[in-house]
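2 protein chains.
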Amino acid sequence: MKAGPKSEETRERILKAALTLFHERGFEAATMRDVAEEADVATGAAYYYFPSKEAIILDFYRRSSMEMQPKIEAALKRANGLEQRLRELIRVKFLHFAPNRGVLRALLRNGADPKHPLSPFSSQTNEIRDIDMAWFRRILIDCGVRIPRDLGPHLPGVLWFFQMGVIFFWVIDESPNQARSNRLLDLAAKSVTSLIRVSSLPLMRPVRKAALELVEIVTGANL
Amino acid sequence: MKAGPKSEETRERILKAALTLFHERGFEAATMRDVAEEADVATGAAYYYFPSKEAIILDFYRRSSMEMQPKIEAALKRANGLEQRLRELIRVKFLHFAPNRGVLRALLRNGADPKHPLSPFSSQTNEIRDIDMAWFRRILIDCGVRIPRDLGPHLPGVLWFFQMGVIFFWVIDESPNQARSNRLLDLAAKSVTSLIRVSSLPLMRPVRKAALELVEIVTGANL
DNA sequence: GCATCGACTTGAACACGTTCAATTGTTGAA
DNA sequence: TTCAACAATTGAACGTGTTCAAGTCGATGC
Chain A
3 MKAGPKSEET RERILKAALT LFHERGFEAA TMRDVAEEAD VATGAAYYYF PSKEAIILDF
63 YRRSSMEMQP KIEAALKRAN GLEQRLRELI RVKFLHFAPN RGVLRALLRN GADPKHPLSP
123 FSSQTNEIRD IDMAWFRRIL IDCGVRIPRD LGPHLPGVLW FFQMGVIFFW VIDESPNQAR
183 SNRLLDLAAK SVTSLIRVSS LPLMRPVRKA ALELVEIVTG ANL
Chain B
3 MKAGPKSEET RERILKAALT LFHERGFEAA TMRDVAEEAD VATGAAYYYF PSKEAIILDF
63 YRRSSMEMQP KIEAALKRAN GLEQRLRELI RVKFLHFAPN RGVLRALLRN GADPKHPLSP
123 FSSQTNEIRD IDMAWFRRIL IDCGVRIPRD LGPHLPGVLW FFQMGVIFFW VIDESPNQAR
183 SNRLLDLAAK SVTSLIRVSS LPLMRPVRKA ALELVEIVTG ANL
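Protein sequence lines, in the order shown, are assigned to chains A and B. When you line the first sequence up against our numbering, it's residues 3 to 225, in that order. When you line the second sequence up against our numbering, it's residues 3 to 225, in that order.
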């Protein structure tokens, strides 16, 4: 038969308990025993629903991604031009994750290792990444900035990567209210837009070609 | 009194055992109990000499840094011009760490988090970082490329960061013989050199200023 | 009603990194 | 030589994430 509703409710309770505790005490300070107790289940129950402690954050990440979709949609309605769209798209994520910066930090901690399940580059986060990149493809359409033909296919991925860098900085940014991150976002959005605009000048062709080759080596597109 | 020679010998044995096992089985597969056994000491002994399992890799990193100094010196003797110097400096590190790529991977795994002791950005790795950056300061002197005044103070840090990116890619590069990393290094060294060369053109002043502000925000130089 | 099957739940047990009280050298002064 | 202080060493024990054999429970077929 289908999965009982009882099950789903328990799963929900565990997830909620976990996120609460992660938020309150931090990811490593909150033990699985604490989580189980908070959810009124045995220690092992959590592992019936989640393969690991980290998998719980992955669920949080997935859920956050879903919740952000309408917010992004709305934010982009208010934004015209590439620079504004870029900035607003990323600002939505700042705002959405703001109450759980610590949890996101735990998620991104192992971000460097593509083998790690929690990495934004891992195969486990494929789906989220695809959805995310689609937004970057979308904001490039009719954005008022001419995109060179050869750059086109790679640009969404590059912008996504650029976004990860900004978000990563935000997550570890200790300045009050993440003021530095906000300044970074403003300036970076402007710079990136200028770069793209400049890149289609005939003069810049060799530079663009070199950059493209770099991107291809890193993404392994030409292997 | 000074630390007995007996002590130093034990420490050495533990370090050697650890690195051997890390190399053979990988960092997390090799347990501290294994290491202790291999070194013919009790489990706790390792903790008398090293504050943690990860601290052992830090020692390896420190030692590697020392061992590389003469190699770098020699490599730079053979290299003329910024591009070649950059490439050779980083290639020395590729070659030196090649037999222990896995161990270095464990070291860089948490590289993203500056709070983590193993991060190349942590305060624990300050000393190594300073020594390392000094090389970048040095290869910029009389390198044949004009360095804009305002860029000067920041450039060694930026190049060091760029180097970390390349090394990071190398560490997780699965292509045979890390061929992709080598291509990346060649192209990146060339591109960076071109960028610096171009950056002193009067036309590029606004771009350079924006880039500088970005660097200042990220390094927190203007807080 | 009863048996059976499978989803769900349990808590003890495991392996790991780490800590620490206790024990055993070692050394230098009396 | 003796002894006190310190360095070095031990291995049991702790807390953690995780596993798993065993149990509970509700629905289904007879």
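Just so it is clear, CB atoms sit at the ideal spot from N, CA and C, and this is done for glycine as well.
- Taking all protein chains in view, the Cβ of tyrosine 50(B) is surrounded by fewer than 16 other Cβ atoms within 10 Å, so the residue is classified as exposed.
- The shortest C-alpha to C-alpha distance from leucine 84(B) to any of Asp134(B), Pro122(B), Ile141(B), Arg131(B) is the one to Ile141(B).
- Taking C-beta atoms as the reference points, alanine 41(A) and isoleucine 16(A) count as a pair closer than 8 Å.
- Contact check for glutamine 165(B) against isoleucine 92(B) passes: the beta carbons are separated by less than 8 Å.
- Look at phenylalanine 62(A) here: in three-state DSSP terms it is helix.
- When 7 Å is used as the limit between beta carbons, serine 193(B) is near these residues of chain A: Ala212, Leu216, in chain order.
- The Cβ-Cβ distance between glycine 104(A) and glycine 28(A) falls below 8 Å.
- If you check each beta-carbon in the region 108-119 of chain A against every beta-carbon of chain B, the ones closer than 9 Å belong to Leu110, Arg111, Asn112, Gly113, Ala114, Asp115, Pro116, Lys117, His118.
- Here the alpha carbon of valine 209(B) sits roughly 26 Å from the alpha carbon of isoleucine 219(A).
- A distance of 8 Å or more separates the beta carbons of leucine 97(B) and valine 173(B).
- For arginine 89(A), there are no neighbours in chain B by C-beta distance under 7 Å, as the nearest C-beta there is about 15 Å away.
- Excluding the 5 residues flanking it on each side, serine 121(A) has same chain C-beta neighbours closer than 8 Å at Asn112, Gly113, Ala114, Asp115, Thr127, in chain order.
- With at least 16 other beta carbons inside 10 angstroms of its own, glutamate 90(A) counts as buried.
- Membership of valine 194(A) in the alpha helix (DSSP H) is indicated by the continuous run 181-201.
- Linking leucine 189(B) to alanine 212(A) through their CA atoms gives a straight-line distance of about 8 Å.
- Its chain contains Glu85 as the residues whose beta carbon lies nearer than 6 Å to that of lysine 192(A), once the 5 sequence neighbours on both sides are disregarded; these appear in chain order.
- No Cβ-Cβ contact shorter than 8 Å links threonine 221(A) with valine 147(A).
- Cβ neighbours of glycine 159(A) within its own chain (closer than 7 Å, five residues either side excluded): Met135, Thr221.
- Counting along the chain, the unbroken alpha helix (DSSP H) around arginine 35(A) starts and ends at 34-40.
- DSSP, read as helix, strand or coil, puts aspartate 132(A) in helix.
- If you look at histidine 98(B), you'll find it in the alpha helix (DSSP H) that goes 83-99.
- Closest in C-alpha terms to lysine 95(B), from the list Glu69(B), Lys117(B), Ala38(B), comes Glu69(B).
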